[in-house]
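Chemist:
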Amino acid sequence: MSTYIITGAARGLGLEFVTQLSAEKANTVFALVRSKSSAAALAELSRRNVIILEADITDADSLKVVLEFKKLPRAVAEATGGKVDYLINNAAIHDHSKVTLDAYPTPAAIEADLLENFRVNTLGTIHATNAFLPLLRAGSVKKVVTLTTGAADIDLTAALSNPGQAGYSISKAALNMAVAKFALALKGEGFVFLAISPGLVATATAPRTPEQAKEYAIFKEKLAKLAPDFKGPITPQVSVQMMLEVIYRWSVEDTGAFVSHHGSKEWL
């Protein structure tokens, strides 16, 4: 039996992590969402080993409230014994903007975009990690997994000639460094930290607009040159399966790494 905390669990990859991990009835999965009212798909799982909690990772105070187990149902406290094995930092904002750093309309606009991405994607994950460290310390596994992106890799960015997604990519690159810093600070305690990219995943819930379809066609052409064998985006199910294989085999010797769902620098 293992105990997991998953942030950003309302939809997408976070929901898929909850779905796959809670399929093992012996596991206990804490699913963190900003609002239960917007987590209908999560609620529909109706699994006794899934406990849905409301917490905003950008609000350190709300996370502290979550950690007070006396305020959670008694069954939850008994199920965990105050211990957590895995923290999966999935919550983030995704910026698909094509605006380049030199093309923001005003200095205030570039500051607002970059700071918002940094506040949520970098600082929010740091807050969540710090908040749950006491429970992870009490556990036996001590694994902290943070979802990142290949768009934060300098070599891939150059290969794809992608100057857009500035705020998102920069905040995730900073997040990768935060993971490395956590890893160095806590390696002596047996913690395993890992920054992992899920690959190119088909998570869109609405059809592409004509403009988006055109942009995606150009993107596919670039991918074809970079990876001729690439067959297209993978499903959330496949992505999570592959990431879990990497997560389970990762050890303290390689803590702090930034890898893909393949466990390497193969981003697609």
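Its first residue numbered 1, the sequence shown is counted upward by one per residue in the UniProt record's numbering. Yeah, the Cβ is synthetic: ideal placement off N, Cα and C, and Gly gets one too. It should be emphasised that the depicted structure is a prediction, and the values quoted were computed from it without experimental measurement.
At the level of alpha carbons, what is the spacing between G190 and I247?
Modeler: The alpha-carbon atoms of G190 and I247 are separated by roughly 15 Å.
Chemist: With distances taken between CB atoms, is the gap from G8 to D85 smaller than 8 Å?
Modeler: No, the pair does not count as a contact, with Cβ atoms beyond the cut-off.
Chemist: Excluding sequence positions up to five away, which residues of its chain have a Cβ less than 6 Å from the Cβ of I93?
Modeler: Hits under 6 Å: V120.
Chemist: Exposed or buried, which one is P73 when buried takes at least 16 other CB atoms within 10 Å?
Modeler: In this prediction, P73 has a pLDDT of 47, which is less than 50 and means its spatial position is unreliable; what the coordinates show is noted afterwards. When all chains shown are included, P73 counts as exposed.
Chemist: For A75, which residues in the same chain have their Cβ closer than 7 Å to its Cβ, ignoring the five residues on either side in sequence?
Modeler: Low confidence applies here, because A75 scores a pLDDT of 49, under 50, leaving its location unreliable; read the following figure in that light. None.
Chemist: Please give me, in chain order, every unbroken run of the alpha helix (DSSP H) with length at least 4 that falls completely inside the stretch 131 to 203.
Modeler: If we require 4 residues or more, the alpha helix (DSSP H) runs fully inside the stretch 131 to 203 come out as 154 to 160 and 166 to 186.
Chemist: Whole angstroms is fine: what's the gap from K172's alpha carbon to A23's?
Modeler: About 30 Å.
Chemist: In whole angstroms, give me the CA-to-CA distance for I6 and G12.
Modeler: Taking the straight line joining both Cα atoms gives about 12 Å.
Chemist: Can you check which of these residues, E54, I88 and I154, is closest to E16 by C-alpha distance?
Modeler: Among E54, I88 and I154, the Cα nearest to that of E16 is on I88.
Chemist: From the DSSP output, read off the bridge partner residues of T3.
Modeler: In the DSSP output, where bridge partners are listed per residue, T3 has T28.
Chemist: Using DSSP's beta-bridge definition, name the partner residues of F17.
Modeler: Note: F17 sits in no beta bridge, so no partner.
Chemist: Between V29 and L21, which are expected to be in contact by the criterion C-beta below 8 Å, what is the C-beta distance as a whole number of angstroms?
Modeler: So it is a contact: roughly 5 Å between Cβ atoms.
Chemist: Based on DSSP bridge pairs, tell me the residues matched to L53.
Modeler: Partner(s): L32.
Chemist: Note down the Cα distance separating Y4 from V144, rounded to an integer number of angstroms.
Modeler: Roughly 10 Å separates the two Cα atoms.
Chemist: How would you label Q165, buried or exposed, when you count the other beta carbons within 10 angstroms and need 16 or more for buried?
Modeler: Its Cβ being crowded by 16 or more others within 10 Å, Q165 is buried.
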